[in-house]
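Novice: Heads up: the sequence lines are chains P and D, in that order.
Just so you know, my numbering puts 192 at position 69 of the first sequence, and the rest follows in order with no gaps.
Just so you know, my numbering puts 349 at position 226 of the second sequence, and the rest follows in order with no gaps.
Positions of the beta carbon are idealized from the N, C-alpha and C atoms, including for glycine.
Structure incoming, see below.
There are 2 protein chains.
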Amino acid sequence: MVTLEDVARQAGVSLATASRVLNGSTRQVGATLRARVERAADELGYRANIAAQTLARGASNVIGIVVHDLTDPYFAALADGAMRAAATHGLLVMVGTTHRDPEQEIAYVSTLNAQRVRAVLLVGSRVADPAVTGRLRDELARYQAGGGRAACVGQDLLGVDTVAPANRRGAAALAKALAELGHTRFAVLAGPPHLVTAADRSAGFAAALAELGLPEPQIIHGPFDRDGGYAAAQQVRDATCVFAVNDVMAVGALAAYRERGVRVPDDVSVAGFDDIVTLRDHVPALTTVRLPLQDMGARALELALNETDQVVVEEVAGEVVLRESVRRIA
Amino acid sequence: MVTLEDVARQAGVSLATASRVLNGSTRQVGATLRARVERAADELGYRANIAAQTLARGASNVIGIVVHDLTDPYFAALADGAMRAAATHGLLVMVGTTHRDPEQEIAYVSTLNAQRVRAVLLVGSRVADPAVTGRLRDELARYQAGGGRAACVGQDLLGVDTVAPANRRGAAALAKALAELGHTRFAVLAGPPHLVTAADRSAGFAAALAELGLPEPQIIHGPFDRDGGYAAAQQVRDATCVFAVNDVMAVGALAAYRERGVRVPDDVSVAGFDDIVTLRDHVPALTTVRLPLQDMGARALELALNETDQVVVEEVAGEVVLRESVRRIA
DNA sequence: GCAGCTGTGGAAACCGCTTTCCGGGAGGTC
DNA sequence: GACCTCCCGGAAAGCGGTTTCCACAGCTGC
């Protein structure tokens, strides 16, 4: 491995001069030496050792993003948005996936802290477990005490800058739109009770129905993924409209209905949440609540990089999008 | 930021002892001192500075993965497989997305080299541009000269360990299967001519048809994504069966047909390639060639980590999966 | 002609950790 | 009891950069 010292020797200059030429410094270097150094670096194929730079400068140009599952298009979109934003700042990205294990999330924050990354983005729903959340907060606090910056996409539970999707309001708006179509008997494929995102959407939906004087929906809990939606759909009794708390679950529900010969939307209406782009060609087209996922990811990064001390929480509204998977009923 | 020295001082031991206790060493440390150090580290909330460790050890525990586009489920699956494998080795992952710009790919290799990452995974099709490929090879060679390890998922064009999907053979097998259903007039939504993956699949398909004595398919070039498939499908003339060189394009084609009232598979059969999991609920279900994407990602990581010097190329076979999007014709 | 700048190059301290090398004490052997 | 080993603790030399501080021009201005 060729080092700066090799370059300096080859160019016949000091280490300091070589460093100043090659790795941006405030100091000027004369044209002659500058050219000599550049030529030497090029000839030798010098690549700065970033670990050494990070150590010497006390700051790295890496950010960390922690997501639940990269193969879930929801997280892929958020991560992509954040990564694009990072690229515009010249930052590299380290991605960790927890596969929905909150302990992993804590472990990642610790590791990213050890890496002295410039910022950490926690992407995804919080869990309703004060103990876990507390430990995560501790770990984050430790990281921030060392000068780290953090932001979260999800619920404002960590005391850091947060981009918070308006899950309650979005679900409520969806409930109203569906009620306007004449539906009165609803079921909610509600996901796991401890997942705050799932719980919020479910609660917002139910609250809106209550406000409209409609009967309580049937609440069915289960996993937050496609198979969870598939399984939960089997348990629906006697509803004209089913709300799955995310699109991927809704797709599972649609698959379950299709297999059983239940027609959507003729026999039952189905709606989801998120408006995953990959699903835009699904048949029937999914009614959902659109979230600007890429923007949210990018925004979270900006918040994290932002130098101000006060914690900012930005709520992001969802937009109800009615498509073929629901229909007006008598 | 609390350093090892702080811990050592608080515990009343030397730096060396503290290091040995906290960061795995071959050397033993007595129980008393060990406990003192651990307590001090805990009290102070010590987190090792990995940049310093990397520098001192001369080796990092990070690997780099370069993909084209994380929001494309093909890459998400490959990346996820690689990341899971990395996790079992205790490695962290740095992900870069090129958004299909080959220059970006070269730039990432350079950056990851500077980071002294343990291994680099290049995931995705090569481009048929010898100049670009040459520069990428140079950059990789430089990285490897410094002790870096590299592997690729795609074509064996870089002189590094490679997991190579059997694109030609897979497409050929698909062609035969479709011909067996009675199809004779084919169109290929071939993607961009310079993308080797697309070109191989297209060529393998055409070659198999030729071998069967069937007429040449209509070849339609275009972007490698959903919209590319959508647009290309509009140009198909007079074929009973359309092969899109990847699933995402096939979905675009299906959307185009659906909008125009062309029924699949009644009026036209459609097949893709990859067997993207997220699309398993698509209607009609997509006939395709299954690639074990997660395994391939994981395998590429193993190859990269493998210490042997010889370059190994592993071909991965695809499996034809016939589903509703194709039908037998008279 | 001389004090005082400014602009540029180099020596060396330092970033936080690992690891080699050295030394001293405990235990074993004859 | 002398002599060897082991075992374990600490001092210090790196790892590859950055940056402070100093030195030495060459100018400017009066």
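Alpha carbon to alpha carbon, what distance is there between Leu201/P and Asp192/P?
Specialist: Asp192/P and Leu201/P: Cα-Cα distance of roughly 11 Å.
Novice: Does the distance from the CB of Ala373/D to the CB of Gly352/D come in under 8 Å?
Specialist: Yes, the pair counts as a contact, with Cβ atoms nearer than the cut-off.
Novice: Cutting at 6 Å between CB atoms, please list the residues of its own chain near Leu304/P, excluding the five before and the five after it.
Specialist: The residues are Arg451.
Novice: Figure out for me which residue from Val250/P, Ala367/P, Pro340/P and Arg381/P has the closest Cα to the Cα of Val319/P.
Specialist: If we check each option's Cα against that of Val319/P, Val250/P comes out closest.
Novice: When the cut-off is 8 Å and only beta carbons count, does His405/P lie next to chain D?
Specialist: Yes, His405/P counts as interfacial toward chain D.
Novice: To test your reading of the DSSP string, which unbroken beta strand (DSSP E) runs of 3 or more residues are found completely within the region 235 to 289 of chain D?
Specialist: Qualifying beta strand (DSSP E) stretches, in chain order: 242 to 246, 272 to 276 and 284 to 288.
Novice: Would a check of beta-carbon distances place Ala199/D closer than 8 Å to chain P?
Specialist: Cβ-Cβ to chain P under 8 Å: yes for Ala199/D.
Novice: Closer than 7 Å, Cβ to any Cβ of chain D: which residues of the region 225 to 244 of chain P, in chain order?
Specialist: Within the region 225 to 244 of chain P, the residues whose Cβ lies closer than 7 Å to some Cβ of chain D are Ser233, Thr234, Asn236, Ala237, Gln238 and Arg239, listed in chain order.
Novice: Pick helix, strand or coil for Ala355/D, following the three-state DSSP scheme.
Specialist: Reduced to three states, the DSSP call for Ala355/D is helix.
Novice: Let's see if you can read the secondary structure: which residues bound the beta strand (DSSP E) around Leu312/D?
Specialist: Segment Phe309 to Gly314, the beta strand (DSSP E) holding Leu312/D.
Novice: Using a C-beta to C-beta distance shorter than 7 Å, which residues of chain P count as neighbours of Ser218/D?
Specialist: Sequence inspection shows Val at residue 218/D; the Ser mentioned does not correspond to that position. In chain order: Val216 and Val218.
Novice: Which residue marks the beginning of the alpha helix (DSSP H) containing Arg162/D, and which one marks its end?
Specialist: Counting along the chain, the alpha helix (DSSP H) containing Arg162/D begins and ends at Ala154 to Leu167.
Novice: Determine the contact status of Leu426/P and Ala274/P, defining contact as a CB-CB distance below 8 Å.
Specialist: Closer than 8 Å, so yes.
Novice: Near Asn146/D, what residues of its chain come up, given a Cβ to Cβ distance below 8 Å and the 5 sequence neighbours on each side ignored?
Specialist: Cβ neighbours of Asn146/D beyond the five flanking positions: Ala171 and Gln176.
Novice: Going along the chain, which residues of its own chain have a beta-carbon closer than 6 Å to the beta-carbon of Gly296/D, five neighbours each way excluded?
Specialist: A small correction: the amino acid at residue 296/D is Ala; Gly does not occupy that position in the sequence shown. Contacts found: Val443.
Novice: Just the C-alpha distance for Glu382/P and His222/D, rounded to the nearest angstrom, thanks.
Specialist: Roughly 37 Å separates the two Cα atoms.
Novice: Chain P partners of Met372/D, CB-CB under 7 Å?
Specialist: Within 7 Å Cβ-Cβ: nothing; Met372/D doesn't reach chain P, min ~11 Å.
Novice: If you measure beta-carbon to beta-carbon, which residues of the region 375 to 396 of chain P are closer than 9 Å to chain D?
Specialist: Listed by position, the residues of the region 375 to 396 of chain P near chain D (Cβ gap below 9 Å) are Gly375, Leu377, Ala378 and Arg381.
Novice: Are there three or more Cβ pairs, one per stretch, closer than 8 Å when the region 157 to 167 of chain D is compared with the region 131 to 143 of chain D?
Specialist: Flag = yes, the region 157 to 167 of chain D and the region 131 to 143 of chain D touch.
Novice: Using C-beta distances below 8 Å, list every residue in its chain close to Glu262/D, excluding the 5 sequence neighbours before and after it, in chain order.
Specialist: Ile229, Val232, Ser233 and Asn236.
Novice: Just the C-alpha distance for Arg446/P and Gly375/P, rounded to the nearest angstrom, thanks.
Specialist: Distance between the alpha carbons of Arg446/P and Gly375/P: 17 Å.
Novice: Starting from Ala326/P, trace the alpha helix (DSSP H) in both directions and tell me its first and last residue.
Specialist: Here the alpha helix (DSSP H) through Ala326/P covers Val319 to Glu334.
Novice: Examine chain D for any beta-carbon lying closer than 8 Å to the beta-carbon of Leu193/P, and answer yes or no.
Specialist: Chain D contact via Cβ: present.
Novice: Whole angstroms is fine: what's the gap from Thr194/D's alpha carbon to Arg207/P's?
Specialist: If you take the alpha carbons of Thr194/D and Arg207/P, they lie about 12 Å apart.
Novice: Give me the Cα-Cα distance between Ala310/D and Val365/D, rounded to the nearest whole angstrom.
Specialist: Rounded to the nearest angstrom, the two C-alpha atoms are 5 Å apart.
Novice: Using a Cβ cut-off of 8 Å, which residues of the region 166 to 177 of chain P contact any Cβ in chain D, in chain order?
Specialist: For the region 166 to 177 of chain P, which is checked against every Cβ of chain D, the residues closer than 8 Å are Gly168, Arg170, Ala171, Asn172, Ile173, Ala174, Ala175 and Thr177.
Novice: In three-state DSSP terms, what is Ile342/P?
Specialist: It is a strand residue.
Novice: Of all the CB atoms in chain D, is at least one closer than 8 Å to the CB of Thr401/P?
Specialist: Output row for Thr401/P: interface = yes.
Novice: DSSP beta-bridge partners for Arg413/P?
Specialist: Arg413/P is bridged to Asp397/P and Glu442/P.
Novice: Give, in chain order, every unbroken run of the alpha helix (DSSP H) that is at least 4 residues long and sits entirely within the region 158 to 235 of chain D.
Specialist: With a minimum length of 4 residues, the continuous alpha helix (DSSP H) runs that stay inside the region 158 to 235 of chain D are 173 to 180 and 196 to 211.
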